[in-house]
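Novice: Got a structure here, written out as structure tokens. Questions coming.
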Amino acid sequence: MTGAGTWQTRIERWSLYFQGGVRRAVLIFLGISILLLTPSYFFGQFSSYLFGKTWIDDNNTVNTKELVINDFEVSDTQIVELANNQKELYVSVNNKNNPTIGFAPWVYTVQILDDEGSIISQKTNNSYILPEENTFVVVRSENNEGSKINLITEPSTNPVKYNPNNNKLKKPNVKILNQRIINEKDNENLIIQGTFLNEDLVEIKTVNVLFIIRDNRESVIGIGTYSFNGFGPKSQRSFELEYPKPANRDPKILDLRWSVNYLDPNSFTF
Numbered sequence: 279m280t281g282a283g284t285w286q287t288r289i290e291r292w293s294l295y296f297q298g299g300v301r302r303a304v305l306i307f308l309g310i311s312i313l314l315l316t317p318s319y320f321f322g323q324f325s326s327y328l329f330g331k332t333w334i335d336d337n338n339t340v341n342t343k344e345l346v347i348n349d350f351e352v353s354d355t356q357i358v359e360l361a362n363n364q365k366e367l368y369v370s371v372n373n374k375n376n377p378t379i380g381f382a383p384w385v386y387t388v389q390i391l392d393d394e395g396s397i398i399s400q401k402t403n404n405s406y407i408l409p410e411e412n413t414f415v416v417v418r419s420e421n422n423e424g425s426k427i428n429l430i431t432e433p434s435t436n437p438v439k440y441n442p443n444n445n446k447l448k449k450p451n452v453k454i455l456n457q458r459i460i461n462e463k464d465n466e467n468l469i470i471q472g473t474f475l476n477e478d479l480v481e482i483k484t485v486n487v488l489f490i491i492r493d494n495r496e497s498v499i500g501i502g503t504y505s506f507n508g509f510g511p512k513s514q515r516s517f518e519l520e521y522p523k524p525a526n527r528d529p530k531i532l533d534l535r536w537s538v539n540y541l542d543p544n545s546f547t548f
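At position 164 of the sequence shown (counting the first as 1) the number is 442 in our numbering, and the numbers step up by one without a gap.
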């Protein structure tokens, strides 16, 4: 008997074996069971892997346990000379290495050093650093002796693991409608104006504003911070403040930036 004949005979025997009603039903049942259980098996394996590395908090935020917290980057100190013989010192703090980790609160001590590295003054502040974003620390040296900022992050700083897919805790929808800088000859200060629109459906407790003043070359010739509270949904808020004129520089550009601590649920009223 040839090989082909042998296989044909075997197939016929198997076919005859499963022609019985009970046997056929058993075969169909097994086939359906395999089809149904296969997706469940692979989904179970995936779920086991996923939730073995994550946890869900009370705010329905999924956070990965094994995230590594990287240090944020602090720039060199920049100095702005003002016409009133004061100095504005500032550094930028960049958290780009932590796309899903912020710091709230960020508790830090800022020291102003002179040219020899001696501490002129120091102060401890509470703020926040958002994931993958940067913030600025601005201090004024009124005695004109400061030349460097030294930042010390205190142990009470709290890293926060953040889920960018969270539909509740996220960056609100705020727009800058206009920004303007007024330079009057008979005024020793500049006038800074801005208007914000809250397009979101939540009330924002505090909006922090950074304003940067630039010349025609876009060099920073002034920098400072401002904040306002109780920003209602679908509402506008305007502000106006004075800022010392820069020394021997002509202000041309106003750059407004805003931030909200969306890592803290208490920052919003829903």
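We put the beta carbon where it would ideally sit given N, CA and C, even for glycine.
(1) Anyone know if the C-beta pair for residue 352 and residue 371 falls short of 8 angstroms?
(2) Going by alpha carbons, who is nearest to residue 427 out of 414, 494 and 525?
(3) Going by other Cβ atoms of all chains shown within 10 Å of its Cβ, with 16 needed for buried, is residue 366 buried or exposed?
(4) Do you know offhand how far residue 434's Cα is from residue 546's?
(5) Under 8 angstroms, do residue 509 and residue 485 count as touching if we go by C-beta distance?
(6) Distance, Cα to Cα, residue 526 vs residue 361?
(7) To test your reading of the DSSP string, which unbroken beta strand (DSSP E) runs of 3 or more residues are found completely within the segment 382–450?
(8) Nearest by alpha-carbon distance to residue 458: which of 369, 541 and 529 is it?
(9) Which of the three DSSP states is assigned to residue 341 in this structure?
(10) Pick from 473, 460, 456 and 446: whose alpha carbon is nearest that of residue 544?
(11) For residue 403, collect the residues of the same chain with a Cβ closer than 7 angstroms to its Cβ; drop the 5 residues on either side in sequence, then sort them by chain order.
(12) Please work out which residues of its chain come closer than 7 angstroms, Cβ to Cβ, to residue 407, disregarding the five sequence neighbours upstream and downstream, and give them in chain order.
(13) When DSSP labels each residue in this structure, what does residue 543 get in the three-state scheme?
(14) Is residue 489 closer than 8 angstroms to residue 455 when the C-beta atoms are compared?
(15) Short of 7 angstroms in beta carbon distance, which residues of its chain neighbour residue 409, apart from the five on each side in sequence? Order them along the chain.
(16) Using DSSP's beta-bridge definition, name the partner residues of residue 520.
(17) Out of curiosity, what's the CA-to-CA distance linking residue 471 and residue 515?
(18) Buried or exposed: residue 390, going by 16 or more other Cβ atoms within 10 Å of its Cβ?
(19) Less than 8 angstroms between the beta carbons of residue 467 and residue 522, yes or no?
Specialist: Taking the geometry as given:
(1) It is a contact, given that the beta carbons lie within the stated cut-off.
(2) Ranking 414, 494 and 525 by Cα distance to residue 427 puts 414 first.
(3) Burial check for residue 366: the Cβ neighbour count within 10 Å reaches 16 or more, so the residue is buried.
(4) Taking the straight line joining both Cα atoms gives about 23 angstroms.
(5) yes
(6) Near 7 angstroms, if we compare the C-alpha coordinates of residue 361 and residue 526.
(7) 397–407, 412–419, 426–431 and 437–439
(8) Closest option to residue 458, Cα to Cα, is 529.
(9) Residue confidence for residue 341 is low, a pLDDT of 49 falling below 50, so the modelled location carries little weight; the figure read from the coordinates is stated next. In the structure shown, residue 341 sits in a strand (DSSP, three-state: E or B).
(10) 446
(11) Here the set comprises 386 and 388.
(12) 350, 371, 373, 380, 381, 384 and 413
(13) helix
(14) no
(15) 373, 376, 377, 378, 379, 380 and 440
(16) Partner residues in the beta bridge of residue 520, as assigned by DSSP, are 469.
(17) 11 angstroms
(18) buried
(19) yes
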